[in-house]
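Comments concern the structure below.
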Amino acid sequence: MEATEKDILRGGQFLVKETNCEDIFTPEDFNEDQLMMKEAVSEFVDREIWAKKPQFEKKDFALTESCMQKAAELGFLSVSVPEEYGGMGMGFVDTMLVCDFISGATGSFSTAFGAHTGIGTMPITLYGTEEQKKKYVPKLASGEWFGSYCLTEPSAGSDANSGKTKAVLSEDGKTYKITGQKMWISNAGFCSLMIVFARIEDDKNITGFIIEYDPENPNGITMGEEEHKLGIRSSSTRQVFFNDTVVPVENMLSTRGNGFKIAMNALNVGRIKLAAACLDAQRRTITESVKYANDRIQFNTPISSFGAIRQKIAEMATNCWVGEAASYRAAKNIEDRIELRRNNGKDTHQEAELKGVEEYAIECSILKVAVSEFIQHCTDEGIQIFGGMGFSEETPIESAWRDARISRIYEGTNEINRMLSIGMLIKKAMKGHVDVLTPAMAVKEELVGIPSFEVPDFSELFSEEKNIVKNLKKLFLMVAGAALQKYGEKIEEQQQLMLAASDILIQIYLAESAILRAEKMAKKEGEDQVKEQIAMAKLNLFHAIDVIETAGKHSIISFSTGDEQRMMLMGLKRYIKYVNMPNIIELRHIIAEKVIKENKYCF
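Position one of the sequence shown corresponds to residue 7 (the numbering used here), numbered consecutively onward.
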């Protein structure tokens, strides 16, 4: 059925509108083609990457490059590339799926894959001229060439637009000369093409360029040595120096001064893809940890029978399952929005794709933060389950922990992304794309009114949990609305309040996504068949409330005083209240029991 403008929630609207479980996409909705693709990718990863995991830890850059070639031969580099440029032209969910299942074995390969297919290829397919796309994209899609992305500089990291690399137009107006230094460039050691950002004269914004690189004819390009990194050890990461590198004017990407926008939009896509890239790593970490816990005998019993270990397994599995729910929910929203814009006939393929992703920039930032923190927690707990062996390079957990660490820095740090999610929500509210004001005023009136003391009927599955999510949304509007009223446009200077508000926003999106996924499954298969998924949705909500209560309280007592503070603290208490508290230990037991019995992550 074709989606209509009315059906699809706009980015950020999850906060002010209710969503039915039938209206979200979950991994259980993968079609036959998607399941075949998932199988093909997993087989490739098991055979070519997971089996060679120890080699990746020995800085075998040639191995990463050869695995990229093999991935190219199987078509995995071309999934999101339009068919007219040699790609498969598949949808956004397919792209997410491939990124998810190809990224779980080692961060070295997933970094190379992500840098090439995302920020190395995508800026040309989305912003390039027809000539640029015809010339470069087929080579990138086939793996004949590999791409890299040169944005970061020693003085320009999170502040990407402050780069000092210069582009000077020649007197005859036919070429630019690029001079400057870039750092942390993934795939630099084996790329044939670079997307490079430089400033022309004293322009306010940087400009993008497509630069070919041939080591035999370096054109003023030199490379630093491979960086020595904590993780992703076989991912080629170098500094790149440009010294009067000549670029034809027709290799400018998009228009002059549009580089910052290209960089930001590339990062939006990169953020949700990074969330996907952290999912299979969790599945594999959980599986390895459970296998070890089932085999490891202490005090004459497998350690998987101990409550302390079962708690870890349940929490790891829950986080992974919740991350899947939220990531694929957003991916399908993006896919539907792209399709809608294409069908309306107003946008080109490029515009539809760009605007589709840009619409959900808030969700992309939410997912980047949440899932990157889940994988760090997962690998850390994996080491703990393995005990001393987890600290040894003999096990796969030690490298998984090191590889996970970069994900909280990639694609904008988690701090930047937390503040972005709130900043973008405020901008959407100002533009009238998300009506936050009306529900915020309603919450204000509700707080001064007399609360109802009736005990609602919560006998239906998730009726209480969904009511709590509705209240958590009110809590966000109460806290964020009051802070915005106090600080106005200067709210962005209040970074700690922005961080707290984003923690509330993130937890609401995750909790709702998990509940809707479990509810959809229960309606389809029956509650008895999905009791573990129901338990995970309930356990996650309980944890979400803890995070939200802390963030809310810290904010309220820091920016309000007197009666206003008392009223908001009472509101906080009201909005996080359970009528029927869940039995957390029992929920964990239900989840862990299933995973331990299956001897793997099995959802």
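Note that the Cβ used here is the ideal one computed from N, Cα and C, for glycine as well.
Notebook entry, point to check: Can you pull the DSSP bridge partners for residue 258?
Noted result: Partner(s): 215.
Notebook entry, point to check: Who pairs with residue 223 in a beta bridge, going by DSSP?
Noted result: 220
Checklist line | residue 107 and residue 77 closer than 8 angstroms at C-beta | finding: no
Next item on the list: Name the one or two DSSP bridge partners that residue 187 has.
Entry: 247
Next item on the list: Check each candidate in 343, 395 and 428 and name the one with the smallest Cα separation from residue 509.
Entry: 428
Next item on the list: With DSSP collapsed to three states, give me the class of residue 144.
Entry: helix
Notebook entry, point to check: What does DSSP give as the partner residues of residue 304 in its beta bridges?
Noted result: 307
Notebook entry, point to check: In angstroms, rounded to a whole number, what distance separates the CA positions of residue 353 and residue 585?
Noted result: Approximately 49 angstroms, taken between the alpha carbons.
Checklist line | Identified DSSP bridge partners for residue 43 | finding: In the DSSP assignment, residue 43 forms no beta bridge with any residue.
Margin query: Our contact map puts residue 273 next to residue 418 with C-beta atoms below 8 angstroms; I'd like the distance itself, whole angstroms only.
Written below: 6 angstroms
Item checked: residue 68 - DSSP class collapsed to helix/strand/coil -> helix
Check: Should residue 234 go down as buried or exposed, given a rule of 16 or more other Cβ atoms within 10 Å for buried?
Finding: Classification for residue 234: exposed.
Item checked: residue 323 and residue 292 closer than 8 angstroms at C-beta -> yes
Check: Alpha carbon to alpha carbon, how far is residue 545 from residue 590?
Finding: Rounded to the nearest angstrom, the two C-alpha atoms are 7 angstroms apart.
Check: When you compare only the Cα positions, how much space is there between residue 576 and residue 540?
Finding: 30 angstroms
Item checked: Contact under 8 angstroms by Cβ, residue 548 with residue 489 -> no
Next item on the list: Pick out whichever of 339, 588 and 402 has its Cα sitting closest to the Cα of residue 19.
Entry: 339
Next item on the list: Consult DSSP for residue 203 and reduce its assignment to one of helix, strand or coil.
Entry: Residue state, collapsed to three classes: strand.
Next item on the list: Just list the beta strand (DSSP E) runs in the region 91-115, keeping only unbroken ones of 3 residues or longer that don't cross its boundaries, in chain order.
Entry: Counting only runs of 3 or more, we get nothing.
Note to self: Do residue 334 and residue 123 have their beta-carbon atoms positioned less than 8 angstroms apart in this structure?
What the structure shows: no
Check: To which residues of the same chain is residue 526 closer than 8 angstroms at the C-beta, ignoring the five residues directly before and after it?
Finding: 27, 28, 30, 32 and 34
Notebook entry, point to check: Where residue 588 and residue 365 are concerned, what is the direct C-alpha to C-alpha distance, given to the nearest angstrom?
Noted result: 36 angstroms
Next item on the list: Please state if the CB of residue 403 and the CB of residue 422 are separated by a distance shorter than 8 angstroms.
Entry: no
Note to self: Could you check whether the region 109-122 touches the region 163-172, counting it as contact only if at least three pairs of C-beta atoms, one from each stretch, sit closer than 8 angstroms?
What the structure shows: no
Item checked: Three-state class that DSSP yields for residue 159 in the structure shown -> strand
Notebook entry, point to check: Between the C-alpha atoms of residue 361 and residue 581, what's the straight-line distance to the nearest angstrom?
Noted result: 35 angstroms
Check: If you run the structure through DSSP and keep just helix, strand and coil, what is residue 181?
Finding: strand
Check: So the beta strand (DSSP E) residue 173 belongs to, where does it begin and stop?
Finding: 172-175
Check: Given that a residue counts as buried once 16 or more other Cβ atoms are within 10 Å of its Cβ, and exposed if not, what is residue 7?
Finding: Caution is warranted here: a pLDDT of 44 is assigned to residue 7, below 50, making its placement in the model unreliable, and the coordinate value is therefore given only provisionally. Looking at its Cβ environment, which holds fewer than 16 other Cβ atoms inside 10 Å, residue 7 is exposed.
Next item on the list: Within its chain, find whatever has a CB closer than 6 angstroms to the CB of residue 363; leave out the 5 residues flanking it on each side and keep chain order.
Entry: Answer for residue 363: 274, 275 and 340, listed in chain order.
Next item on the list: Quick one: using the 10 Å Cβ neighbour count with 16 as the cut-off for buried, is residue 306 buried or exposed?
Entry: exposed
Notebook entry, point to check: Using the rule of at least 16 other Cβ atoms within 10 Å of the residue's Cβ for burial, across every protein chain shown, is residue 224 buried or exposed?
Noted result: exposed
Next item on the list: Kindly provide the ranges of any alpha helix (DSSP H) runs that are 4 or more residues long and lie completely inside the region 391-465, ordered along the chain.
Entry: 402-411, 420-437 and 443-454
Next item on the list: Taking residue 147 and residue 83 to be in contact with their CB atoms under 8 angstroms, please state how far apart those CB atoms are, rounded to whole angstroms.
Entry: 6 angstroms
Note to self: Nearest by alpha-carbon distance to residue 52: which of 110, 298 and 24 is it?
What the structure shows: 110
Margin query: Do residue 198 and residue 65 have their beta-carbon atoms positioned less than 8 angstroms apart in this structure?
Written below: no
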